[in-house]
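For any residue, its number in the numbering used here is found by taking its place in the sequence shown, counting from 1, and adding 12.
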Amino acid sequence: MADQAELMRLLQATACGDQIAFRQLYEKTSPALMGLCMRMLKDRASAEEVLQEAFVKIWYHASEYHEERGKVSTWLTSIVRYRALDFLRARHPQDTSDELLPENASEEPGPLQWAVAGDEMNALQLCLEQLSGEQKQLIVLSFIEGLTHQELMQRVESPLGTIKSWIRRGLQSLRRCLEP
């Protein structure tokens, strides 16, 4: 994703009805947000539908973002995540007790959820910065942008075993870093 200052500028312009800024916000954030949708929904068509719904919500509610609640990227991620959870719940109504869904998945996050999400994202960002260049790149491409191992092989021109090892070691490092 783009840097926070640029995202803030684009979101503020979007709140004023600037369609060009909204398009730029979409172009800069949609790959990472699509990766999140793909991981959660495991279906491209569903992920595209949820992402579109989330960006419609962002367009109409951009003025509701408040900087003190957290980063723009955290706010955008939360909107997409909650839309995906709503989609899963609608698709599988019998699974509403599933531990994957938070207690009030269909409700918008409150101040506490925004604060926790912001803290978690900040902690994750700090831990990502501690990884080696290859590990960080592959984890971001795989888990945030949603690339497959085959796509990663082509992108970084490394053997599959090496890619899997870098990702595994990177995830182990992240786990150690994020443990309380």
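Backbone N, C-alpha and C define an ideal beta-carbon position, used for all residues, glycine too.
Buried/exposed call for residue 142, threshold 16 Cβ in 10 Å: By one-based count along the sequence shown, residue 142 stands at place 130. With fewer than 16 other Cβ atoms within 10 Å, it is exposed.
Residue range of the alpha helix (DSSP H) that includes residue 170: The count along the sequence shown starts at 1 and reaches residue 170 at position 158. Looking at the DSSP string, residue 170 is not in any alpha helix (DSSP H), and its letter there is neither H nor E.
Residue environment, residue 28, which counts as buried when at least 16 other CB atoms sit within 10 Å: Along the sequence shown, read from residue 1 onward, the residue named residue 28 stands at position 16. Residue 28 should be labelled exposed.
C-beta atoms of residue 46 and residue 66 nearer than 8 Å: Translated into the one-based positions of the sequence shown, residue 46 becomes position 34. Translated into the one-based positions of the sequence shown, residue 66 becomes position 54. Contact: no.
Close-in-space but distant-in-sequence residues of the same chain around residue 77 (CB under 8 Å, 5 per side omitted): In the sequence shown, residue 77 corresponds to position 65, counting from 1. For residue 77, same chain residues with a beta-carbon under 8 Å away, outside a window of 5 residues either side, are 23, 27, 84 and 87 in chain order.
Environment of residue 94 [buried if 16+ CB atoms lie within 10 Å]: Along the sequence shown, one-based indexing puts residue 94 at 82. Within 10 angstroms of the beta-carbon of residue 94 lie 16 or more other beta-carbons, which makes it buried.
As assigned by DSSP and simplified to three states, the class of residue 110: On the sequence shown, residue 110 is found 98 positions in, with the first residue counted as 1. Unreliable placement is indicated for residue 110, whose pLDDT of 45 sits below 50; the coordinate value is still reported in the next sentence. The answer is coil: DSSP assigns residue 110 none of H, G, I, E or B.
Per-residue burial, residue 32 [other beta carbons within 10 Å of its own, 16 or more giving buried]: Numbered from its first residue, the sequence shown carries residue 32 at position 20. Burial call: exposed.
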